[in-house]
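Undergrad: Attaching a single structure in structure tokens format; questions to follow.
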Amino acid sequence: KFSLIFLNKHIFACYSITRIIATVSIYISSKVTINPWLFLLCSVPSGMSGHTCAVITAIYWYISDVAKAKSRGLRMVLNEASLCAAMMIGSLRTGYIYEPTNAITVFSILSTLLFLALLYVYAFVVGGLKP
């Protein structure tokens, strides 16, 4: 078995921090004019860790470490199904949220949900294998 007990949480933290920085950047750009190249700065934390590919890989590492052989396949399928359902729901709902509000609201909701997920991961998810 392969486990990166602490790295999985740090990858997710980089991913969440990237979204929070993007939300702050969008808020600042709504108040003052900033150079568009500064928006690339929000990609640095997750870019250094592998971005979405690393997050999904870390999820599969965790599932392979904590699941028994019989249920491992089912857990991976349920994970993939939940990711697809979340992307579909998010894509459908974002337009309805953006239309009466603005981009800051959409990114704020995303950042809040990712921050809550990050708190949950650090508080309740234990490492896969003992070091």
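Those letters in the sequence shown? Residues 1 to 131, by full-length UniProt numbering. A virtual CB, placed ideally from N, CA and C, is assigned to each residue, including glycine.
1) Among P100, K70, R19 and I89, which has the Cα closest to the Cα of H51?
2) Span of the alpha helix (DSSP H) holding G47?
3) Quick one: residues in its chain with C-beta nearer than 8 Å to the C-beta of L110, no 5 flanking neighbours on either side, listed in chain order?
4) If you draw a straight line from the alpha carbon of L92 to that of C84, how long is it in whole angstroms?
5) DSSP on V125, reduced to helix/strand/coil?
6) Excluding five sequence neighbours on each side, which residues of the same chain lie with their C-beta closer than 6 Å to the C-beta of G47?
7) Give the secondary structure of E80 by DSSP, where H, G and I count as helix, E and B as strand, and everything else as coil.
8) Assuming contact is defined by CB atoms lying nearer than 7 Å, are M76 and I56 in contact in what I supplied?
TA: So, from the listed chains and residues:
1) If you number the sequence shown from 1, residue 51 lands on position 51. That would be R19, whose Cα lies nearest to the Cα of H51.
2) For the purposes of this step, residue 47 is taken as the residue at position 47 of the sequence shown. Note, G47: alpha helix (DSSP H), V44 to S49.
3) Within the sequence shown, the letter at position 110 stands for residue 110. Cβ within range, chain order: R19 and T23.
4) Taking the first residue of the sequence shown as position 1, residue 92 is located at position 92. Taking the first residue of the sequence shown as position 1, residue 84 is located at position 84. When rounded, the separation of the alpha-carbon atoms in L92 and C84 is 12 Å.
5) As a position in the sequence shown, residue 125 is number 125, starting the count at 1. Three-state result, V125: coil.
6) For this step, residue 47 is matched to residue 47 along the sequence shown. If we look at G47 and ignore the five residues flanking it on each side, it has no Cβ neighbours.
7) For the purposes of this step, residue 80 is identified with residue 80 of the sequence shown, where counting begins at 1. Per DSSP, reduced to three states, the secondary structure at E80 is helical.
8) Here the question's residue 76 lines up with position 76 in the sequence shown. Here the question's residue 56 lines up with position 56 in the sequence shown. In this structure, I56 does not lie closer than 7 Å to M76 by Cβ.
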